[in-house]
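Numbering (my numbering), first residue to last: 566 to 687. Remarks on the structure that follows.
Printed below as a string of structure tokens:
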């Protein structure tokens, strides 16, 4: 399998999960939004977002789905199942709604604005 990633927070979650699980994946930096690259990635993810996990004849995107798939691939209980699964999904949902929003603001101010010269950090 191959994990396509970028510098953004969600792709980093995919990379961290793969490394934590010691999953048998190769890592490839990707830039679907760079001029001329969209069609290469659109067949893997029509949304052109990262991360994307690519296997033989399939692709999967979204960091949480990738964490689930990798956990199953390596036979780990990292992604909870059974009676524990609803509680885990609750915290994933909370994190996406609350924690990720705060991280996105910091990433924009300290990363995106600085990288693209969009003004001083607020």
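Here a beta-carbon is modelled for each residue, glycine too, at the ideal position from N, C-alpha and C. Quick caveat, the model's predicted, so the values are computed rather than measured.
Problem set entry | Distance, residue 569 Cα to residue 647 Cα | 30 Å
Exercise. If you compare alpha carbons, which of 653, 640, 635, 675 is closest to residue 567?
Worked result: 635
For this session: Within the same chain, show all residues whose beta-carbon is closer than 7 Å to that of residue 645, passing over the 5 residues directly before and after it, in chain order.
Result: 653
For this session: Could you give the DSSP three-state label for residue 624: helix, strand or coil?
Result: strand
Problem set entry | Reduced DSSP secondary structure (H/G/I, E/B, other) of residue 594 | strand
Exercise. Which one of 621, 627, 684, 614 has the shortest CA to CA distance from residue 595?
Worked result: 614
Exercise. What's the C-alpha gap between residue 608 and residue 651?
Worked result: 32 Å
Exercise. Measuring CA to CA, which of 624, 620, 598 is closest to residue 610?
Worked result: 624
For this session: Give me the Cα-Cα distance between residue 612 and residue 598, rounded to the nearest whole angstrom.
Result: 11 Å
Exercise. What residues in its chain sit with their C-beta under 6 Å from that of residue 580, if we drop five residues either side in the sequence?
Worked result: 570
For this session: Give, in chain order, every unbroken run of the beta strand (DSSP E) that is at least 3 residues long and sits entirely within the region 601-664.
Result: 617-620, 623-626
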